[in-house]
Amino acid sequence: HIWGINLVVGKWDRCENCGKFSLMRRQPLEVLRAAEAAERQSEQANLPASAKSEEEKLKELLDQSKYLQ
Numbered sequence: 844h845i846w847g848i849n850l851v852v853g854k855w856d857r858c859e860n861c862g863k864f865s866l867m868r869r870q871p872l873e874v875l876r877a878a879e880a881a882e883r884q885s886e887q888a889n890l891p892a893s894a895k896s897e898e899e900k901l902k903e904l905l906d907q908s909k910y911l912q
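Each residue of the sequence shown is one higher than the last, beginning at 844 in the numbering used here.
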């Protein structure tokens, strides 16, 4: 960001979500990978059990478009 200021212990920058300024520090790669894995796992847990594949969705749309009312 243009308004971010580099300090010795981190970067004083604005949060993209809430707009508040805070001191942001770099996290180790292991911490970032663990957070990504946890996010993927929570997304998969929230998926409905009967999620249709893209092919099934397209086939259903094609079947619905065959008949005119």
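Beta carbons: idealized from backbone N, C-alpha and C, even for Gly.
Using a Cβ-Cβ cut-off of 8 Å (strictly less than) and excluding sequence neighbours within five positions of residue 852, which residues of its own chain qualify? Close CB contacts of residue 852 within its chain, under the 8 Å cut and outside five residues either way in sequence, are with 866, 868 (chain order).
C-alpha gap between residue 857 and residue 898, whole angstroms: Linking residue 857 to residue 898 through their CA atoms gives a straight-line distance of about 42 Å.
In whole angstroms, what separates the C-alpha of residue 903 from that of residue 909? About 10 Å.
For residue 848, which residues does DSSP report across the bridge? Per DSSP, the beta-bridge partners of residue 848 are 855.
Which runs of the beta strand (DSSP E) spanning at least 3 residues fall entirely within the stretch 860-894, listed in chain order? With a minimum length of 3 residues, the unbroken runs of beta strand (DSSP E) contained wholly in the stretch 860-894 fall at 864-867.
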